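>
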Amino acid sequence: MEERYHPELVEPKWQAYWKENQLFKVTENPLKEKYYLLEMFPYPSGKIHIGHVRNYTIGDVVVRYKRMKGFNVLHPMGWDAFGMPAENAAIDNNTHPAAWTYENISSMREQLKKMGFSYDWDREIATCRPEYYKWEQWLFLKMLEKKMAYRKESYVNWCEKCQTVLANEQVEQDKCWRCSQTVQQKKLWQWFFKITDYAQDLLVHCDKLPGWPDKVTVMQKNWIGRSVGSELKFKIHGQENNIEVFTTRPDTVFGATFMCLAPEHPLVESLSKGTEKQDEVAAFVQKVSTQERSAEGLEKYEKEGVFTGAFCINPATGEKIPVYTANFVLMGYGTGAIMSVPAGDQRDFDFARKYGLEIRVVVQPKGELFDGNTMDQAYTGEGFLVNSSEFNGLESAKAIDVITDWLEKKGRGKKAVSYRLRDWGISRQRYWGAPIPVVHCPDCGVVPVPETDLPIRLPEDANLLEKGGSPLPYLDSFAKAFCPECGRKDAKRDTDTMDTFVESSWYYLRYCSPRYDEGMFDPKAVKYWAPVDQYIGGVEHAVLHLLYSRYFMRVLHTLGMIDFKEPFTRLLTQGMVCKETMTCPDHGYLFPEEALKDDKGSLVCTKCNKDVAVGRVIKMSKSKKNVVDPNELLEKYGADVTRLFCLFAAPPERDLEWSEDGVEGSNRFVNRVWRLALECLEKIDGFKPFTGAASDLSSEQAKALYIKANQTIQKVTDDIDKSFHFNTAISAVMELVNVLYTIDLDSADAEMKKVILFSLENILLLLSPILPHFCEELFEKFGKTGSILEQSWPEYRKDSLKTDEIIVVVQVNGKLRSKFTIDAGIGEAVIKETALADEKIKKYIGDKEPKKIIVIRKKQTLINIVV
RNA sequence: GCCGAAGUGGUGGAAUUGGUAGACACGCUAGACUUAGGAUCUAGUACCGCGAGGUGUGGAGGUUCAAGUCCUCUCUUCGGUACCA
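For the first sequence, position 399 (counting from the first letter as 1) is numbered 407 according to the working numbering, and the numbering increases by one without interruption.
This is how it looks when you write it as structure tokens:
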């Protein structure tokens with residue numbers, strides 16, 4: 009009985025068994041109900057981190073559970089293999105993105121295999137392979153043909169010194185991360201997908217995703233950001249052109265005392281041209297071009313603007329109002345111009361005060377008398393119109409329609425819907441991505457590459473530029489092309505590559521038929537497997553990846569390629585894995601192994617012996633060094649213990665705080681079950697598990713254990729099935745194990761032994777999705793043949809879940825004062841009587857007459873006496 | 001800034017539709033076994049108080065016989081914010 013569980017022997021044994029018997033290989037089987045479970049595929053960064061381990065463990069448990077429930081389960085794995093880190097690593101380590109990526113893939117694949125995850129590895133894909141991105145290029149051509157893809161000019165972060173485009177994360181405080189040069193906004197022609205065509209459909213279906221967490225659909229709705237309002241035309245003074253604005257508050261149009269254009273607005277230059285403001289405006293536009301134009305970045309800068317020198321006509325008042333350009337107006341939202349109503353919008357108010365512009369009150373609630381000169385903030389609420397000519401006195405909410413209709417009759421406006429959602433810019437001026445399959449011809453313009461030329465291969469012999477730019481434009485063998493239309497020899501291939509979100513928007517369909525070479529996927533396979541029944545991944549993808557995927561399915565649906573629109577029926581967004589940071593005064597951030605306890609018990613740096621400061625618990629990241637290497641865990645504890653801890657430490661949707669002590673605890677539990685099983689094996693021989701009803705059992709102890717075992721089956725099944733709360737499922741099994749530990753096997757009678765055997769076998773079945781290797785091994789020791797995977801999930805007996813007695817909780821004025829046990833079938837009157845007769849209760853009631861007695865008989869039986 | 005979450009013992013966390021706050025585990029304390037233990041087993045462990053008892057789910061109010069759970073306000077931390085994936 010000294011023997012401990014030895015993962016280093018047991019785990020490879022069963023991994024080999026599963027592989028040999030191809031237990032995870034699946035094919036379409038119309039006789040079985042399918043279940044497609046998918047975890048978000050990883051970026052091959054080099055090593056699996058704990059966040060991956062957690063994500064894939066959650067998925068693996070559900071997969072194994074569903075298999076035991078009889079489903080035909082698809083559970084694939086692959087690699088989101090294009091992306092910026094490969095380029096950075098290639099520059100830093102003087103290697104090639106492809107070499108770096110493929111190496112990472114093979115080491116990460118080995119790690120995943122050691123974790124015992126039940127993937128059908130025959131379906132593995134890597135998005136950087138031409139066989140994959142060929143079909144992405146194919147789809148791009150289809151979208152181009154259907155006008156779902158188009159080109160327009162838009163801005164990128166540009167470092168003049170490095171001559172490169174920078175990602176947002178490569179811009180640090182307006183400076184290039186490599187050379188600290190101030191970053192500029194540069195205008196480039198880029199490709200876009202017309203996701204806005206589906207804005208309404210994507211929005212409406214947010215409410216038809218019952219399997220998604222509300223927080224995700226709410227975020228998506230807000231991201232799409234539908235707003236209803238009006239589009240108004242402000243005639244430019246002295247010209248026939250108009251400036252169009254979108255506003256949700258046309259009721260305030262009489263208060264529009266100036267106009268603001270985005271600095272990128274095409275009219276900014278032309279309006280100021282030739283005026284004395286020309287230079288000032290140009291300088292301002294230049295200044296704004298060094299400012300980050302993201303929603304997050306906008307907040308960092310002081311709101312400011314300049315007068316363009318031009319005026320436009322307020323369509324309601326007929327007044328001349330000045331046209332400004334301002335840094336808080338975004339070209340990408342609405343029309344890139346706003347009518348400014350300082351009395352009704354805080355930003356406009358601040359702007360007006362700053363530049364001495366008129367603040368005219370047009371809406372005020374009853375009983376107020378706002379004055380534009382003395383107000384200290386804008387009034388954004390509803391009220392009644394003032395200073396609005398014939399509309400004075402009208403309720404502002406009603407005025408929205410009335411004024412829009414009035415302006416429409418004058419030809420100056422109309423009702424309009426605007427979305428915050430912008431079209432998806434997919435062009436990346438990078439090397440390590442899927443080439444965009446078009447050619448630019450001096451004569452024919454943009455010409456799609458013929459389908460038969462696909463894939464347009466990314467040349468793998470290119471060397472990266474030191475400063476991070478893409479080598480593709482300089483690589484003649486790639487960039488020079490014949491025009492497919494006219495045959496001109498000096499046409500130029502598009503050297504941009506696609507956003508990596510494009511690959512991840514459809515990979516889950518590719519898994520259904522990963523080697524299919526006649527299209528993106530085999531329609532028959534997709535018909536059987538898709539959509540994904542359960543998708544699992546980080547909550548950080550709540551908007552972009554998930555929205556793009558939803559969009560892509562709509563595109564394929566429109567193209568008639570699939571018959572569904574929503575890719576993921578159920579979604580689980582798991583929390584991050586966090587750990588405390590440690591810093592040494594001399595050496596900065598420390599890895600966990602670089603800080604050790606000295607004899608006094610305080611943490612010191614292994615390099616200099618100075619005291620280590622323990623910092624906040626934050627998401628594990630290499631830069632903060634608060635990481636745990638799964639390889640070390642595997643070596644020390646094995647896969648099953650690591651899996652157990654990931655599941656036990658927190659429910660999946662919550663952040664998980666890593667704790668070495670907690671892992672030790674999981675290890676202890678695994679060994680506790682191991683010893684229990686071995687002891688039973690030794691002492692209970694020749695018996696079969698009990699399977700009758702609890703009432704057939706003669707001893708109270710056996711009955712109690714049997715009920716507990718049945719309750720455990722119910723609890724674990726519910727927790728996995730309904731909420732994925734594995735932590736409570738595990739604690740339920742722990743409770744049962746604790747009960748078994750209190751039983752003396754040597755003195756147990758035959759009946760008891762049968763119930764113990766029943767309990768133990770079910771513990772193994774219930775734990776098998778979580779501790780697959782461990783449970784296989786014990787199952788085998790108990791003389792079973794085959795894999796535990798092929799067993800059915802246990803059923804509990806409904807007639808053996810409840811005990812004969814219940815505990816009644818007695819409260820006086822809502823405070824717990826006493827408890828008693830009573831026969832479960834007893835009536836309410838008896839409960840009241842018993843409670844009132846209770847000595848402790850009498851003390852609290854005294855001689856007062858109870859005002860009210862409330863008896864609750866739900867999960868708990870409770871009686872509250874109000875005096 | 002905007003959008004979305006989360007705050008419960010020394011720690012991670014548990015608590016259908018409001019109904020015994022702290023399951024289960026870590027840590028700690030004590031005991032047992034042991035040549036030894038960082039193994040194992042048993043017991044105890046929210047806080048204050050000698051006690052009766054009181055107080056407790058980030059903070060402040062409110063609804064209710066009853067609030068971790070519902071409502072209002074507020075603080076802190078985290079995620080996303082369109083070129084990290």
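Backbone N, C-alpha and C define an ideal beta-carbon position, used for all residues, glycine too.
Bear in mind that the values here come from a model prediction, so they are computed numbers and not experimental data.
1. Does DSSP put proline 531 in a helix, in a strand, or in coil?
2. By the 10 Å Cβ neighbour count, where 16 or more other Cβ atoms means buried, how is aspartate 916 classified, buried or exposed?
3. Run through the region 70 to 125 for me and flag every whole beta strand (DSSP E) of 3 or more residues, listed as ranges in chain order.
4. Leaving out five residues before and five after proline 323 in sequence, what residues of the same chain have Cβ atoms less than 8 Å from its Cβ?
5. In or out: phenylalanine 40 buried (at least 16 other Cβ within 10 Å) or exposed?
6. Name, in chain order, the residues that DSSP records as bridge partners for arginine 523.
7. Give the DSSP bridge partners of valine 331, in chain order.
8. Would you mind giving the Cβ-Cβ distance between threonine 5 and valine 289, rounded to the nearest angstrom? I have them listed as a contact below 8 Å.
9. Considering only residues of the same chain and omitting the five flanking positions on each side of lysine 789, which have a CB-CB separation below 8 Å?
10. Label alanine 45 either buried or exposed according to how many other C-beta atoms from any shown protein chain fall within 10 Å of its C-beta, with 16 as the threshold for buried.
11. Given that a residue counts as buried once 16 or more other Cβ atoms are within 10 Å of its Cβ, and exposed if not, what is methionine 9?
12. For a minimum of 4 consecutive residues, which ranges assigned as the alpha helix (DSSP H) are wholly contained in the region 621 to 701?
13. Can you list, in chain order, the stretches of the alpha helix (DSSP H) that have 4 or more residues and sit fully within the region 494 to 580?
14. Got a sec: does the ligand NAD put a non-hydrogen atom nearer than 6 Å to the Cβ of glutamine 228?
15. Pick out whichever of Gly326, Ala303, Pro350, Ala318 has its Cα sitting closest to the Cα of asparagine 335.
16. Would you tell me roughly how many angstroms separate the C-alpha atoms of alanine 589 and leucine 604, rounded to the nearest one?
17. Is the separation between the beta-carbon of proline 105 and that of alanine 94 shorter than 7 Å?
18. With alanine 487 and arginine 501 assumed to form a contact (beta carbons below 8 Å), what rounded beta-carbon distance in angstroms separates them?
19. Would you kindly work out how many angstroms separate the C-alpha atoms of methionine 628 and valine 547, rounded to a whole number?
20. How far does the beta strand (DSSP E) with valine 296 in it reach, from first residue to last?
21. For glutamine 145, is the classification buried or exposed, using 16 other Cβ atoms within 10 angstroms of its Cβ as the cut-off for buried?
22. Can you give me the start and stop residues for the alpha helix (DSSP H) that leucine 149 sits inside?
23. Decide yes or no for the touch test of the region 304 to 311 against the region 335 to 348: beta carbon pairs closer than 8 Å, at least 3 of them.
24. When the Cα of leucine 480 is compared with those of Asp498, Ala442, Thr460, Ser513, which residue comes out closest?
25. Check each candidate in Ile830, Ala837, Tyr852 and name the one with the smallest Cα separation from glutamine 868.
26. Which residues in the same chain have their Cβ closer than 7 Å to the Cβ of glycine 313, if we skip the five residues on either side of it in sequence?
27. Compute the beta-carbon to beta-carbon distance between methionine 123 and tyrosine 64, rounded to the nearest angstrom, for a pair I have assumed lies under 8 Å.
28. Please classify aspartate 837: does DSSP put it in a helix, a strand, or coil?
29. For glutamine 198, write down the residues that DSSP places opposite it in a beta bridge.
30. Hey, quick one: how far does the beta strand (DSSP E) through phenylalanine 448 stretch, first residue to last?
31. State the start and end residues of the unbroken beta strand (DSSP E) segment that holds tyrosine 387.
32. Assuming leucine 120 contacts isoleucine 56 (C-beta within less than 8 Å), just tell me the rounded distance between them.
33. Could you check the C-alpha separation between lysine 21 and arginine 12 for me, to the nearest Å?
34. Output the distance between the C-alpha atoms of lysine 573 and glycine 822, rounded to the nearest integer angstrom.
35. Compute the Euclidean distance between the alpha carbons of tyrosine 141 and glutamate 468, then round it to the nearest angstrom.
36. My output table needs one value for methionine 9: the three-state DSSP class, helix, strand or coil.
Short version:
1. Correct three-state label for proline 531: helix.
2. Residue numbering for the chain in the displayed model covers 9 to 875; residue 916 lies beyond these limits and cannot be assessed.
3. 80 to 82
4. Leu240, Lys241, Phe242, Lys243, Val261, Leu415, Lys418, Arg420, Gly421
5. Per the sequence shown, the amino acid found at residue 40 is lysine instead of phenylalanine. With fewer than 16 other Cβ atoms within 10 Å, it is exposed.
6. Partner(s): none; arginine 523 has no beta bridge.
7. Met267
8. No answer is possible for residue 5: it lies beyond the span of the chain, which begins at 9 and ends at 875.
9. Ala685, Leu686, Leu689
10. A small fix is needed here, since residue 45 is leucine in this sequence, not alanine. So leucine 45 ends up on the buried side.
11. Because methionine 9 carries a pLDDT of 40, less than 50, the predicted location of this residue cannot be relied on, and the following value inherits that uncertainty. Counting Cβ neighbours within 10 Å, methionine 9 comes out exposed, since fewer than 16 surround it.
12. 638 to 645, 647 to 656, 668 to 691
13. 508 to 512, 515 to 518, 531 to 537, 552 to 566
14. What this structure holds is no ligand at all, so the ligand NAD is not there to describe.
15. Ala303
16. Correcting the residue identity first, residue 589 is threonine in this sequence and not alanine. So the two alpha carbons sit approximately 14 Å from each other.
17. yes
18. 5 Å
19. Looking at the two C-alpha atoms, the distance is approximately 15 Å.
20. Under the DSSP assignment, valine 296 falls outside any beta strand (DSSP E), being part of the alpha helix (DSSP H) whose first and last residues are 286 to 296.
21. buried
22. 138 to 153
23. Verdict: yes, contact present.
24. Ala442
25. Ile830
26. Cys268, Tyr332, Thr333, Ala334, Asn335, Phe359
27. About 7 Å separates the two Cβ atoms, so the contact holds.
28. Correcting the residue identity first, residue 837 is alanine in this sequence and not aspartate. Helix, per DSSP.
29. Lys160
30. Reading the sequence as shown, one finds histidine at residue 448 and not phenylalanine. That run of the beta strand (DSSP E) goes 446 to 449.
31. No beta strand (DSSP E) holds tyrosine 387; DSSP gives it neither H nor E.
32. 6 Å
33. 16 Å
34. 52 Å
35. 14 Å
36. Any answer about methionine 9 is weak, because its pLDDT of 40 lies below 50 and its placement is not dependable; what the coordinates show is given next. In the structure shown, methionine 9 sits in coil (DSSP, three-state: anything other than H, G, I, E or B).
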